[in-house]
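J.: For what it's worth, my numbering labels the leading residue of the sequence shown as 778, then goes sequentially. Can you keep this structure in mind? I'll have questions shortly.
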Amino acid sequence: MAIERMDNVGIVVDDLAAAVAFFTDLGMELEGEAQIEGDCADRMVGLEGVRSAIAMMRTPDGHGKLELTQFHAPAAITAGPTDPPPNTLGLHRVMFAVDDIDDTLTRLRPHGAELLGEVAQYEDIYRLCNLRGPSGIIVALAERID
778 MAIERMDNVG IVVDDLAAAV AFFTDLGMEL EGEAQIEGDC ADRMVGLEGV RSAIAMMRTP
838 DGHGKLELTQ FHAPAAITAG PTDPPPNTLG LHRVMFAVDD IDDTLTRLRP HGAELLGEVA
898 QYEDIYRLCN LRGPSGIIVA LAERID
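As structure tokens, this is what we get:
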């Protein structure tokens, strides 16, 4: 038995519409939205009374997906600092390959995106940066230098 593929990465957000707008302007496509609740959701998540809204976003090539989830009940909690630094243990960053970092940053700044450092160049291969997006998510961008 083997893994067939990685299906998606789930991210809990505090404002689903804002997160969808951010990732849409990044270049992802909204695949669908749904309201999730009931016994199956409670059993899967391990909480009682789950009511949430999800939005499934996919990359233009169709291979990468993010499942953005806003919990209405029980309310989402913050486990640590509101905006944890990049060296915090655990899953906290998603990286995207982009064709133009500067243009991408220009599109994302109106959504509150802020660089954590600066755009840096790795040898003659990549321009790279980390930025903070909706709900404190760290989003990394990589532009290949040709």
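Quick reminder that beta carbons are idealized off the backbone N, C-alpha and C, glycines included. Being a predicted model, the structure only gives us computed values, none of them experimental.
1. I'd like to confirm the pairing. Which residues does DSSP put opposite Leu-807 in its beta bridges?
2. Considering only the alpha carbon of each residue, which of Ala-794, Glu-895, Met-783 lies closest to His-888?
3. Would you call the region 899-913 and the region 854-870 touching, i.e. three or more CB-CB distances under 8 Å?
4. Out of curiosity, what's the CA-to-CA distance linking Arg-870 and Asp-816?
5. Which residues bound the beta strand (DSSP E) around Leu-845?
6. Would Arg-909 and Ala-897 qualify as a contact pair, given that the criterion is a beta-carbon distance under 8 Å?
T.: Considering the structure as presented:
1. By DSSP's assignment, Leu-807 forms a beta bridge with Met-834.
2. For the options Ala-794, Glu-895, Met-783, the alpha carbon positioned closest to that of His-888 is the one of Ala-794.
3. A contact between stretches requires three or more CB pairs, one per stretch, nearer than 8 Å, and the region 899-913 meets this requirement with the region 854-870.
4. Their Cα atoms are separated by approximately 31 Å.
5. Taken as a continuous stretch (DSSP letters only), the beta strand (DSSP E) holding Leu-845 covers 842-850.
6. Pairing Arg-909 with Ala-897 gives a Cβ-Cβ distance that is not under 8 Å.
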